[in-house]
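Before any comments, here is the structure.
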């Protein structure tokens with residue numbers, strides 16, 4: 004049954020409120036991460052930091068298979084199984100667990116070749132297996148709270164994991180002689196403990212059931228997008244693997260630190276998308292394309308503005324996060340940031356593809372971009388070092404953005420956005436970013452230009468900023 008205007012307004016308000024608090028919690032979480040990173044880098048060698056980063060890269064990639072991308076099925080499942088959403092999530096959690104156990108058995112049997120293939124020692128593989136198993140429960144719990152607008156629970160999970168990870172990492176780093184092992188255990192243990200707690204709750208509520216209808220439904224919607232998610236993880240994480248291979252763990256540590264800083268804006272952008280997506284899907288279904296076209300411009304400008312600021316502050320941010328040892332990492336920030344802005348823009352095209360249920364296009368585009376990135380990494384990292392990885396990643400995201408643009412415009416024949424506006428905004432963002440990069444050693448001129456950029460942005464977006472400050476709906 005179609006939603007009426009009042010229902011859409013109510014959902015939009017809830018979505019905005021959830022998105023706003025998600026944004027606030029994400030920024031708070033990242034602030035904790037920024038504060039603790041300089042401590043980590045001073046307690047660990049660049050090599051130890053690089054090994055820990057490689058472990059996290061493999062975790063991020065393998066989590067896609069561990070969770071089977073089942074969170075993608077949640078929004079439609081909530082509509083297609085009214086009143087049974089909790090039962091659905093409990094059932095697919097059990098399905099994921101069964102498959103995880105089977106995969107774990109195989110990994111343990113072939114532990115040595117698995118460890119060799121991942122480039123980590125066998126002990127870290129065992130930790131990875133346990134970490135992945137319980138992470139799936141946490142991921143599905145956050146999905147449950149997000150789509151039922153249980154803001155407090157979702158924010159609580161995010162803050163718990165971040166704070167406890169920081170505390171445990173610091174404690175283990177202090178007491179462990181093997182620093183990278185201490186950091187890895189400090190990262191994994193909080194999620195494992197929370198996962199045990201969530202499994203207990205789900206069991207007590209008797210939501211763990213074998214329901215073949217739910218399992219088939221979840222797999223049909225989610226599995227086609229595994230290629231998409233894996234490809235994006237390869238695109239964002241494979242750089243460190245190739246850097247470790249060709250340049251060593253020290254270079255991986257430099258790159259990881261710069262990437263962690265640049266990814267800050269991605270967290271904020273994802274939070275904005277959390278608020279935007281429900282509203283977009285409802286407006287698209289009603290055919291109110293003019294509303295979408297009008298509001299999207301403000302979001303694109305915001306994304307480009309965040310990117311410019313991230314690039315402008317790179318020298319100071321890297322100095323604070325890593326000290327003089329990591330100074331060369333500043334040159335990683337500009338290209339990585341531009342790549343993130345490209346990702347932010349193409350996600351708006353992906354929304355259209357998902358709405359029209361053309362997920363194969365999404366997966367094909369992501370796979371092509373990931374393969375492009377791998378090829379460019381193999382070609383350029385051995386010749387030009389770890390900084391080359393930042394440019395290959397940025398170029399791959401640009402290619403992916405163009406793929407989604409052409410798919411929506413020429414294959415799906417859908418024209419909603421002002422495409423020229425989006426591309427011009429990205430171009431201006433790139434030019435300003437290059438200017439700031441050239442002025443990294445000139446503080447006064449760089450900050451003078453940044454001040455002018457701030458004045459222009461706030462002058463052009465007074466209404467939007469006013470709504471944000473007053474906690475009003477942005478769209």
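Numbering (the working numbering), first residue to last: 4 to 478. Ideal Cβ placement from N, Cα and C applies to all residues, glycine included. Quantities reported herein were computed from a predicted structural model and do not represent experimental measurements.
Residue range of the unbroken alpha helix (DSSP H) whose run includes residue i
i: residue 350; result: 336 to 358
i: residue 150; result: 125 to 150
i: residue 427; result: 422 to 441
i: residue 449; result: 446 to 463
i: residue 183; result: 182 to 207
i: residue 47; result: From DSSP, residue 47 is part of no alpha helix (DSSP H); its letter is neither H nor E.
i: residue 88; result: 88 to 112
i: residue 215; result: 215 to 225
i: residue 310; result: 292 to 315
i: residue 155; result: 154 to 178
i: residue 390; result: 390 to 409
CA-to-CA distance, residue j to residue i, given in whole angstroms
i: residue 367; j: residue 445; result: 43 Å
i: residue 370; j: residue 339; result: 19 Å
i: residue 4; j: residue 151; result: Annotation note: pLDDT 41 at residue 4 (below 50); position unreliable, coordinate value reported separately. One C-alpha to the other measures close to 19 Å.
i: residue 112; j: residue 461; result: 59 Å
i: residue 430; j: residue 337; result: 14 Å
i: residue 377; j: residue 64; result: 15 Å
i: residue 442; j: residue 449; result: 6 Å
i: residue 59; j: residue 123; result: 11 Å
i: residue 208; j: residue 95; result: 15 Å
i: residue 459; j: residue 439; result: 16 Å
i: residue 327; j: residue 316; result: 16 Å
i: residue 11; j: residue 282; result: In this prediction, residue 11 scores a pLDDT of 48, lower than 50, which makes its location untrustworthy; no coordinate-derived value is stated.
i: residue 8; j: residue 223; result: Residue placement at residue 8 is flagged as unreliable, the pLDDT there being 49, under the threshold of 50; a coordinate-derived value is accordingly withheld.
i: residue 3; j: residue 427; result: Because residue 3 is not part of the residues shown, which for the chain are 4 to 478, the question remains open.
i: residue 115; j: residue 84; result: 44 Å
i: residue 127; j: residue 365; result: 33 Å
i: residue 6; j: residue 157; result: At residue 6 the pLDDT is 49, less than 50, meaning the model places this residue with poor confidence and gives no usable figure here.
i: residue 269; j: residue 149; result: 19 Å
i: residue 375; j: residue 399; result: 6 Å
i: residue 247; j: residue 463; result: 44 Å
i: residue 121; j: residue 57; result: 9 Å
i: residue 217; j: residue 454; result: 54 Å
i: residue 300; j: residue 61; result: 36 Å
i: residue 335; j: residue 451; result: 23 Å
i: residue 176; j: residue 80; result: 43 Å
i: residue 167; j: residue 312; result: 30 Å
i: residue 169; j: residue 285; result: 39 Å
Proximity to residue i [Cα-Cα], best of the options
i: residue 292; options: 355, 130 and 224; result: 355
i: residue 182; options: 319, 416 and 50; result: 50
i: residue 144; options: 234, 197, 106 and 435; result: 197
i: residue 244; options: 76, 388 and 90; result: 388
i: residue 187; options: 200, 250 and 43; result: 43
i: residue 130; options: 87, 185, 101 and 177; result: 185
i: residue 48; options: 153, 325 and 455; result: 325
i: residue 393; options: 257, 233 and 248; result: 257
i: residue 230; options: 407, 406, 420 and 72; result: 72
i: residue 396; options: 345, 175 and 116; result: 345
i: residue 390; options: 67, 254, 84 and 414; result: 254
i: residue 241; options: 330, 380, 320 and 55; result: 380
i: residue 92; options: 221, 409 and 109; result: 221
i: residue 164; options: 155, 147, 117 and 141; result: 141
i: residue 110; options: 248, 132, 160 and 136; result: 132
i: residue 419; options: 247, 233, 215 and 296; result: 296
i: residue 484; options: 216, 416 and 250; result: Given that the chain is displayed from residue 4 to residue 478, the structure contains no residue 484 and the question cannot be resolved.
i: residue 363; options: 320, 414, 202 and 134; result: 414
i: residue 298; options: 236, 199, 467 and 86; result: 467
i: residue 206; options: 97, 424 and 401; result: 97
i: residue 104; options: 86, 134 and 118; result: 134
i: residue 219; options: 99, 358, 359 and 86; result: 99
C-beta contact flag for residue i and residue j at 8 Å
i: residue 139; j: residue 69; result: yes
i: residue 39; j: residue 263; result: no
i: residue 279; j: residue 309; result: no
i: residue 265; j: residue 384; result: no
i: residue 333; j: residue 436; result: no
i: residue 52; j: residue 212; result: no
i: residue 404; j: residue 349; result: yes
i: residue 410; j: residue 238; result: no
i: residue 347; j: residue 408; result: no
i: residue 136; j: residue 107; result: yes
i: residue 252; j: residue 434; result: no
The ligand NAD heavy atom lying under 7 Å from the CB of residue i
i: residue 254; result: With respect to the ligand NAD, the structure offers nothing, as it holds no ligand at all.
I'd like the ranges of any alpha helix (DSSP H) spanning at least 4 consecutive residues and lying wholly in the segment 245 to 269. The qualifying runs are 252 to 265.
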